[in-house]
């Protein structure tokens, strides 16, 4: 008897859930598409199995298309799966989803997988797709790819694409870029607030400059970069390493700095930052590298900051 009651209760709950699903499915398509925008891309794809209505709506997803497969990347790293086979499989999956996509805009487009320049034709098309959707956040992380065959970001895409103007965030990891490309991004993207460039071997000199720059967050991890010049009125966070000659000529809103790299690069960086150190809210330093500098004498270079107060900022 008790078991029968439980089953009866379960059926009632199931009917309630199905009824709720029916009510939601009866909403206008515009509202259902708006609901989809709050889901992840994986969750949005899964809604296609709910009903006939949802099956035709998920391609209008306008949130962030996130293509990442960490478990497969781990299997490749430990040689449990073949790299080339999984690369081809990943590329086919991305192409299939992009082919089905129908929304006119995208909040974000993210690819994180081990892909080299052999897949340049596909990656170029993905970038064209994202820009055509007036994407706001673009992230390419072609992790664990060897430096000998790294994907090269196409400069012409930035020069001719109107959709690039919508970009507010750009992250490029294990991607070959040049200073000309990044400077074109800065001049062509009036809304760009975040720029993160990491593990790029061919970037040697970079000029971040412009009175109208919206840039608030700048992270540069390029071991071979030699010179960086910064004139950024809205910059709030600066992170870098591997830079030898560093100049912050104008950054009145800079509050947080993270420094790493060679002792020579650090020495130049501190000299350049000396005028704004007193207003920083956070300062992180690579102490392993800093240990190679004659620390106490070095701290005394700052006329506006005592060694004790500087150490207090570093230890926050």
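Numbering (UniProt numbering), first residue to last: 1 to 316.
Backbone N, C-alpha and C define an ideal beta-carbon position, used for all residues, glycine too.
Alpha-carbon spacing of residue i relative to residue j, whole angstroms
i: residue 159; j: residue 107; result: 21 Å
i: residue 57; j: residue 134; result: 20 Å
i: residue 97; j: residue 248; result: 43 Å
i: residue 197; j: residue 190; result: 18 Å
i: residue 204; j: residue 30; result: 48 Å
i: residue 174; j: residue 129; result: 21 Å
i: residue 86; j: residue 71; result: 11 Å
i: residue 84; j: residue 132; result: 29 Å
i: residue 238; j: residue 200; result: 18 Å
i: residue 73; j: residue 279; result: 42 Å
i: residue 282; j: residue 236; result: 11 Å
i: residue 402; j: residue 168; result: Any question about residue 402 goes unanswered here, given that the chain covers just 1 to 316.
i: residue 187; j: residue 164; result: 11 Å
i: residue 295; j: residue 232; result: Reliability of the predicted coordinates at residue 295 is poor, the pLDDT of 41 falling under 50, and the value obtained from them is presented with this limitation in mind. Rounded to the nearest angstrom, the two C-alpha atoms are 29 Å apart.
i: residue 221; j: residue 254; result: 19 Å
i: residue 162; j: residue 81; result: 40 Å
i: residue 195; j: residue 180; result: 15 Å
i: residue 24; j: residue 100; result: 23 Å
i: residue 172; j: residue 151; result: 11 Å
Closer than 7 Å: residue i CB and nearest the ligand PLP heavy atom
i: residue 155; result: Among the components modelled here there is no ligand, and therefore nothing to report on the ligand PLP.
Other residues of its chain near residue i: CB distance less than 7 Å, five sequence neighbours each side excluded
i: residue 69; result: 90 and 113
i: residue 230; result: 208, 247, 248, 249 and 251
i: residue 297; result: In this predicted model, residue 297 has a pLDDT of only 36, less than 50, meaning its place in the structure is not dependable; the value taken from the coordinates is given anyway. Nothing listed; no residue qualifies.
Own chain residues within Cβ distance below 8 Å of residue i, not counting five before or after
i: residue 154; result: 124 and 127
i: residue 64; result: 40, 41, 106, 107, 108, 109, 110 and 137
i: residue 178; result: 155, 202 and 203
i: residue 185; result: 158, 164, 167, 170, 192 and 195
i: residue 7; result: Per-residue confidence for residue 7 stands at a pLDDT of 32, beneath the threshold of 50, marking its modelled position as unreliable; no derived number is given.
Residue nearest to residue i in terms of C-alpha spacing, selected from the options
i: residue 193; options: 73, 138 and 105; result: 138
i: residue 110; options: 182, 27, 236 and 142; result: 142
i: residue 67; options: 61, 79, 94 and 77; result: 94
i: residue 226; options: 63, 269 and 81; result: 269
i: residue 176; options: 115, 60, 212 and 103; result: 115
i: residue 318; options: 216, 62 and 284; result: This structure leaves residue 318 out entirely; the chain is present only between 1 and 316.
Under the three-state DSSP convention, the category residue i falls into
i: residue 198; result: strand
i: residue 254; result: coil
i: residue 234; result: coil
i: residue 181; result: helix
i: residue 317; result: Because the chain is modelled from 1 through 316, residue 317 falls outside the range shown and cannot be assessed.
i: residue 229; result: strand
i: residue 212; result: coil
i: residue 206; result: strand
i: residue 283; result: strand
i: residue 289; result: For residue 289, the predicted structure reports a pLDDT of 49, less than 50, and the residue's modelled location is therefore unreliable. A value from the coordinates is still provided. Helix at residue 289.
i: residue 36; result: helix
Any chain C beta carbon closer than 8 Å to residue i
i: residue 275; result: This model lacks chain C altogether, as it is built from one protein chain only.
Cβ neighbours of residue i in the same chain (closer than 6 Å, five flanking residues each side left out)
i: residue 149; result: 116 and 117
Entirely enclosed alpha helix (DSSP H) segments - the stretch 99–179, minimum 4 residues: Taking only runs of at least 4 residues, the alpha helix (DSSP H) segments lying wholly in the stretch 99–179 are 120–132 and 155–160.
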